[in-house]
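First up is the structure itself, then whatever we jot down about it.
Protein chains: 2
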Amino acid sequence: MTALCDLAATEAAAHIATGEIGAEELMRACLARIAEREGEVQAFTFIDADRALVEARRADAVRREGKGVGPLHGVPVAIKDIIDTADMPTEHGSPVFAGRRPAKDAQCVTALRDAGAIILGKTVTTELATLTPGKTRNPHNPRHTPGGSSSGSAAGLAAGFFPLALATQTGGSVIRPASFCGICGIKPTFGLISRSGVLLQSHTLDTIGVYGRSVEDLALAVDALSAQDASDPVSYPRSRPDHRPITMSDVPVPPLFAYVKTPAWEEHGDKRMHAAFAELVEALGKQVEEIPIASLERATAWARIVQGAENLAYYGPLLEQAPAKISKGLTDRLNAARSIDALSYIGAIRGRETAYAVIEEVLTNYTAILTPAAAGPAPEGLGSTGNPVFNAPWTYLGVPCVTLPLLEVDGMPLGVQLVGLRRDDGRLLRTARWLEGFVRALDS
Amino acid sequence: MTALCDLAATEAAAHIATGEIGAEELMRACLARIAEREGEVQAFTFIDADRALVEARRADAVRREGKGVGPLHGVPVAIKDIIDTADMPTEHGSPVFAGRRPAKDAQCVTALRDAGAIILGKTVTTELATLTPGKTRNPHNPRHTPGGSSSGSAAGLAAGFFPLALATQTGGSVIRPASFCGICGIKPTFGLISRSGVLLQSHTLDTIGVYGRSVEDLALAVDALSAQDASDPVSYPRSRPDHRPITMSDVPVPPLFAYVKTPAWEEHGDKRMHAAFAELVEALGKQVEEIPIASLERATAWARIVQGAENLAYYGPLLEQAPAKISKGLTDRLNAARSIDALSYIGAIRGRETAYAVIEEVLTNYTAILTPAAAGPAPEGLGSTGNPVFNAPWTYLGVPCVTLPLLEVDGMPLGVQLVGLRRDDGRLLRTARWLEGFVRALDS
C-alpha cells in the first residue's frame, strides 16, 4: 500500500474532499517523511511544521462544516525559493537576499492557496536560479545532483515530502531536475502562469512550472494556476479550468510521435540515454518516426544569447552592489554577456517566431515531439546540476514541455520529454497520459 | 465658400452619403487641385486618376442603388509609400525597392477600403521613413521642408489634394510634418492600428497615424482603422467604433492642461515657438499649469537607443545587400548603432514602463499634456526634415499624441501637441476638440 505521503495530489485531494483521509493526517505523514529523510536530501530552505499543521486542522474543520472545498483542499505544496511568500522568507538562493521577507504572495502562490492548498515550505534553488548548485541531494542517490535550478522542489517531491511543488525554468530548470529525480513535470506554454512576484532573470524565457506524481496531478495544478494576470505582460487570457478534462479524455486516435534527437544528441547525450531511448522507440513501433529539426541548432544559440543578455540586465546591478556575494561562476557568465551587442540580441528575439513556425509545421503531422528530458541520468557529484542543452531551445520557443519518469539507467531515473504547440497544454498532457499508460502496460 | 477639395472628411462623407455631392464630383475637385499644385508640392510617388474616377463613379452608383454606405464612402485617401497597396507600387522611398509591387494591401488599407474610402495614390516618404528627405515641398512656402518622414501625406493634405491620409511615426514622423504643414494629426496609442503590411523599422516604436482637417476627421479615420489584428503582435482588442462618439461628446468639466516644455525646450526650441506658446498659455489662464517632467530626458535618450538598435536590425541587411542604394546619412546612422550593446538596449526597453508610470501620475491631476509639436515652424531648405526631439519621447512611451494647427509664426503654421494616456485616444481627441473650439472663439 502507498504511504499517505506518496499519494498523488489528485488522489490525496479526492480522499480529503470525502473525508476518507484528513488534511492533518496527510500533513503528519509528510512531516514524518521529512523528519526521516530531510537530513540526507536537504530539499528545504524553510519549513514551518506548526503552521502547516494549524492550517491542515483548519482545512479539516472547513470540510466538516460543509463549507465546500477547492480542488487542492488540504494538499501540501512546496514553493521554490525564488517565488514570493508573505509568511515565509524568500531568499533566491543567494546571500544577497539573506533574510528577505516579501510583503505579499506571488500571484501563483495566491492561486494555490485559493484552490485550498497548504504551503508547507520553501525549497532550495540554485544561486538566483542559475547554475551554481545549492545544498540539495538526489534522493535516489545522495552522491548525485538532483539537477537545478528547482533542486529542492524536485528532490523533495521524489522523497515523498509533498505531492505537489512549484518550479521555474529559464534554461532547463523544471524538466531536467524532474528527469534526474524521477517525477512528472510540466513547463507550460510561456505566459500561461503569471510570474508576478517571482524573481525575474529573463523576461522572455522565465516560465513557472509544476511537479507532481502523475500527469493528472500536473493538469490539476495547472488549472489552479493559470489565471490571466495583467501585472505580467506576457500573461494571456484563456478559458479555464480546461486542462484536466482534456487531459483525462481519451485520445481520438493513437498518437504519432515525432522523435527528435536534437542537435545536442551526439556531443552531449549519454550513451546510456541513447540506448534507453532506442528501446522506447522500438516499443512504440509505428507510433513514432524519427525526424531531424535542423533549426533547433540556431534556436539553442539564440536561447543562449537571450538568456545571457537578459541575465546581465537583471543581475548586473546585483554584481555591482555586492560582488563578494555572487559566485565566481555567475560573475564570469554575467561578465561574458557584456560583449553581446544589441543587434545579436534583437536577432535572437526575432528568430523565435521563425523557429516556432518550423515546430508548427512538424506538429501538423505529429501529435507531439518525443525527445530526451536531459543528457542522461543525474551525474555523480554535487558541483554541477547537469547540462540544460536538451531543454533550452524548447524554453526559448515558448512551447509546453512535459517530462515523465519512464526510463531508468543504472538504478537512476531518466525522463522522457514531450513537446507540443503553444497554448495546447491540455492536449499535450492528454498525449503524455497516453504514453504513461502505454509504458505501464509494457512493464506489467 | 470652401472648395470641395478643402472639405473636411467628415463633411465630405456626410454630403456624399446624402447625395448632396457626388464622390466623382469630389474626386474631380481633388484631381483639379492636384493638377494645379502638384508640380510645386510634389506630394505623390504614384497616382492613378483614371482608376480613382472609376471607383468614385462606382461609389456613386452604389449609393444611388440604396446598397448602403460606409463611414468613408467615396472619400479620397492618400497612403504613405511605406504602406502596402495591392494595386499600386510601394517603394519605401528607396531605390532598393524601386518597382516593388506588393501582392496585397496592408491591413490598414483594407480597413479604409472596407469603410468605403477610395485610395487615390501613394505619397512621398523620406528614405525608408528615416531622416533623408524626399522631393516634397511645404505648400505654405516651397522653400521650406514639409517635415518627414510622412512628407507627401502632410503636404498633400495641406494643399487640398485629399481630405485624409495615412502617416507613420517612429520618432516624430506623424506629428512634426502635420505641425509644419498646418493640419491635424494623430499618432494613436501604440498598437491601436495594425502595422501588418507596413515597412518595419522598429517593432517597439513604429505607429500608424492619420492626417485630417479637423479633430472629428481624425476620430472618424481612427474608428475605421482600429480593428485588432492577430498578425501584429502589439495589436490589442478594444470595443469599437468608440472614438468618434467620445470625441464629439461634451467635456464634463473644462480641461486642465499640464504644460510640459520638455527637456529639449531651451536647447532645441525656436524662440518664436517659445513666444507663440507663451501667448497660448496666457490665453488658457487657469486652465493650464506648467509642470516639469524630468524623466523625459531619459526617455529621449532611451528612444534613441531603441530606434538605433532596431533600425540596424531591420535595415542592416539592406545595407549589406545594396550599400550603394542607401544614403550616406542613413549608412552612418546604422553603422553608429553597431556599438549599442544588448545591456543598454534591454535597459532602454525596460525603462519605458517606469517612464510611463510618471505620465500616468501626471495625468491623474491633469486632463492632457500640452506641449510643442515641433521645435518651431518648418525650417527653410529641403536638405533636412527638421528635428524630431519634441516627438521621440512620446513615441517611445506609446502614448497617443494629437497635433492641432493652432499657432502661426512668420506666416508659417505651428502645431500644438496634446498627449494623453495609453488606450485613452477618444478622450484625448475630445480634449483636442475642446481646444480647437477655444482657440477658434479667441480668434473670432
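For the protein sequence lines, the chains are A and B, in the order given. Residues in the first sequence are numbered consecutively from 37, following the numbering used here. Residues in the second sequence are numbered consecutively from 37, following the numbering used here. In this text, a Cβ means the ideal position worked out from N, Cα and C, and glycines have one as well. In this text, all values refer to a predicted model and were calculated from it rather than measured experimentally.
For SER267 (chain A) versus SER232 (chain A), is the C-beta distance shorter than 7 Å?
Sequence index remark: in the first sequence, residue 267 (chain A) carries index 231 (1-based). Sequence index remark: in the first sequence, residue 232 (chain A) carries index 196 (1-based). It is a contact, given that the beta carbons lie within the stated cut-off.
- prompt: Any idea what DSSP makes of PRO112 (chain B), helix, strand or coil?
  reply: What you label residue 112 (chain B) is simply residue 76 of the second sequence in a count that begins at 1. Here PRO112 (chain B) sits in strand by DSSP.
Check: For ASP120 (chain A) versus PRO138 (chain A), is the C-beta distance shorter than 7 Å?
Finding: Position 84 of the first sequence, counted from the start, is the residue given in the question as residue 120 (chain A). Position 102 of the first sequence, counted from the start, is the residue given in the question as residue 138 (chain A). In contact: ASP120 (chain A) and PRO138 (chain A) (Cβ atoms closer than 7 Å).
_Among the candidates A:CYS437, A:ARG173 and A:LEU418, whose CA atom is the shortest distance from the CA of LEU465 (chain A)?_
The sequence position of residue 465 (chain A) within the first sequence is 429, counting from 1. Considering only alpha carbons, the answer is A:CYS437.
GLY451 (chain B) by DSSP, collapsed to three states: which one?
What you label residue 451 (chain B) is simply residue 415 of the second sequence in a count that begins at 1. It is a strand residue.
If the criterion is Cβ atoms closer than 7 Å, does the pair THR181 (chain B) and LEU366 (chain B) meet it?
As a first step, residue 181 (chain B) must be located in the second sequence, where it is residue number 145. As a first step, residue 366 (chain B) must be located in the second sequence, where it is residue number 330. No. Outside cutoff.
* To do: Please name the residue, chosen from B:ILE115, B:ARG463, B:LEU235 and B:ILE52, that lies closest to PRO288 (chain B) on a Cα-to-Cα basis.
  => As a working note, residue 288 (chain B) is residue 252 in the second sequence. Residue B:ARG463 is the option with its Cα nearest to PRO288 (chain B).
*chain B residues whose Cβ lies nearer than 9 Å to that of ARG334 (chain A)*: One-based indexing of the first sequence puts residue 334 (chain A) at position 298. Within 9 Å Cβ-Cβ: nothing; ARG334 (chain A) doesn't reach chain B, min ~16 Å.
Which residues in the same chain as GLU76 (chain A) place their Cβ atom closer than 6 Å to its Cβ, once the five residues preceding and following it in sequence are excluded? By one-based count along the first sequence, residue 76 (chain A) stands at place 40. Hits under 6 Å: PRO178.
### Query
When the cut-off is 7 Å and only beta carbons count, does TYR402 (chain B) lie next to chain A?
Working through the second sequence from its first residue, we reach residue 402 (chain B) at position 366. Not an interface residue.
task: Would you be able to state if there are at least three C-beta pairs under 8 Å between the segment 211-229 of chain B and the segment 415-434 of chain B?
output: yes
task: Could you please tell me which residues of the segment 377-388 of chain B, in chain order, have their CB closer than 8 Å to any CB of chain A?
output: ASP377, ALA378, LEU379, SER380, TYR381, ILE382, GLY383 and ARG386
Own chain, CB closer than 7 Å to ILE432 (chain A), minus 5 neighbours either side, in chain order: Indexing the first sequence from 1 puts residue 432 (chain A) at position 396. The question names Ile, yet the displayed sequence has Tyr at residue 432 (chain A). The residues are LEU241, ALA335, TRP338, ALA339, VAL342 and ARG388.
Q) What are the boundary residues of the alpha helix (DSSP H) that includes CYS66 (chain B)? A) By 1-based counting over the second sequence, the position of residue 66 (chain B) is 30. Per DSSP, CYS66 (chain B) belongs to the alpha helix (DSSP H) from 59-77.
Sequence-distant residues of its chain with Cβ nearer than 7 Å to THR162 (chain A) (five each side left out): Locating residue 162 (chain A) in the first sequence gives position 126, counting from the first residue. The residues are GLY129, THR168, PRO169, GLY170, GLY184, SER185, SER187 and THR421.
TODO: Please name the residue, chosen from B:LEU443, B:ALA373, B:GLY447 and B:ILE329, that lies closest to LEU399 (chain B) on a Cα-to-Cα basis.
DONE: Residue mapping note: residue 399 (chain B) aligns to position 363 of the second sequence, counting from 1. It is B:ILE329.
Quiz item: Quick one: what does DSSP say GLY422 (chain A) is sitting in, helix, strand or coil?
Solution: Position 386 of the first sequence, counted from the first residue, corresponds to residue 422 (chain A). Coil.
Whole runs of the beta strand (DSSP E) within the segment 189-224 of chain A, excluding any shorter than 3 residues
200-205 and 220-223
Note down, in chain order, each residue of its chain lying with its Cβ closer than 8 Å to the Cβ of VAL411 (chain B), except the 5 sequence neighbours on either side. Residue mapping note: residue 411 (chain B) aligns to position 375 of the second sequence, counting from 1. Looking at the sequence shown, residue 411 (chain B) is not Val but Ala. Correct list, in chain order: ALA300, HIS304, GLY305, ASP306, MET309, GLY422, ASN423, VAL425 and PHE426.
Just to confirm my understanding: we take ARG226 (chain A), look at its own chain, exclude 5 residues before and 5 after, and list those with CB closer than 6 Å. What are they?
As a working note, residue 226 (chain A) is residue 190 in the first sequence. Correcting the residue type first, residue 226 (chain A) is Phe in the shown sequence and not Arg. Only THR243 and GLY434 meet the Cβ criterion.
So, does the segment 376-396 of chain A touch the segment 348-359 of chain B, judging by three or more C-beta pairs under 8 Å?
yes
Checklist entry - Enumerated in chain order, which unbroken segments of the alpha helix (DSSP H) with a length of 4 residues or greater are wholly contained in the segment 260-344 of chain B? => result 279-284, 301-304 and 307-320
In its own chain, which residues sit with a C-beta less than 6 Å from the C-beta of THR403 (chain A), not counting the 5 before and 5 after it?
Numbered from 1 along the first sequence, position 367 holds the residue referred to as residue 403 (chain A). For THR403 (chain A), where only same-chain residues beyond five positions count, the Cβ hits under 6 Å are PRO291, LEU292 and THR467.
Point to revise | Bridge-paired residues (DSSP) for ASP377 (chain B) | key: Looking up residue 377 (chain B) in the second sequence gives position 341. According to DSSP, which records beta bridges pairwise, ASP377 (chain B) is partnered with A:ASP377.
Run of the beta strand (DSSP E) containing THR439 (chain B), from where it starts to where it stops | For this step, residue 439 (chain B) is matched to residue 403 along the second sequence. Segment 437-445, the beta strand (DSSP E) holding THR439 (chain B).
**OP:** Quick one: residues in its chain with C-beta nearer than 8 Å to the C-beta of ASP150 (chain B), no 5 flanking neighbours on either side, listed in chain order?
**Re:** In the second sequence, residue 150 (chain B) corresponds to position 114, counting from 1. Only GLY106 and ALA260 meet the Cβ criterion.
*Comparing alpha-carbon positions, which option in B:VAL317, B:ILE405 and B:PHE197 lies nearest PRO175 (chain B)?*
Locating residue 175 (chain B) in the second sequence gives position 139, where the first residue counts as 1. The shortest Cα separation from PRO175 (chain B) among B:VAL317, B:ILE405 and B:PHE197 belongs to B:PHE197.
Worksheet item: ARG374 (chain B) touches chain A at which residues, Cβ-Cβ below 9 Å?
Response: Within the second sequence, numbered from 1, the residue matching residue 374 (chain B) stands at position 338. Here the neighbours are ASP377, ALA378 and LEU379.
Could you pull the start and end residues of the alpha helix (DSSP H) that LEU148 (chain B) belongs to? As a first step, residue 148 (chain B) must be located in the second sequence, where it is residue number 112. From DSSP, the alpha helix (DSSP H) with LEU148 (chain B) extends over 143-150.
Going by DSSP, which residues form a beta bridge with ALA404 (chain B)? Locating residue 404 (chain B) in the second sequence gives position 368, where the first residue counts as 1. According to DSSP, ALA404 (chain B) bridges with B:PHE293.
### Simplified DSSP state of LEU156 (chain A), which is helix, strand or coil
Translated into the one-based positions of the first sequence, residue 156 (chain A) becomes position 120. Strand.
Extent of the continuous alpha helix (DSSP H) to which THR181 (chain B) belongs = Looking up residue 181 (chain B) in the second sequence gives position 145. Where THR181 (chain B) is concerned, there is no enclosing alpha helix (DSSP H), given that its DSSP letter is neither H nor E.
| task | Closer than 9 Å by beta-carbon distance: list the chain A residues that pair up with ALA409 (chain B), in chain order. | result | Along the second sequence, one-based indexing puts residue 409 (chain B) at 373. What ALA409 (chain B) touches in chain A: nothing, since even the nearest Cβ is about 30 Å away.
inquiry  = Mapping the DSSP letters down to three states, classify GLY462 (chain B) as helix, strand or coil.
reply    = Numbered from its first residue, the second sequence carries residue 462 (chain B) at position 426. Three-state result, GLY462 (chain B): helix.
- Got a sec, what are the start and stop residues for the beta strand (DSSP E) GLY245 (chain A) sits in? Taking the first residue of the first sequence as position 1, residue 245 (chain A) is located at position 209. Run containing GLY245 (chain A): 243-248, per the beta strand (DSSP E) assignment.
Just curious, the alpha helix (DSSP H) that ILE52 (chain B) is in, first and last residue? Walking along the second sequence from the start, residue 52 (chain B) turns up at place 16. Where ILE52 (chain B) is concerned, the enclosing alpha helix (DSSP H) stretches over 45-54.
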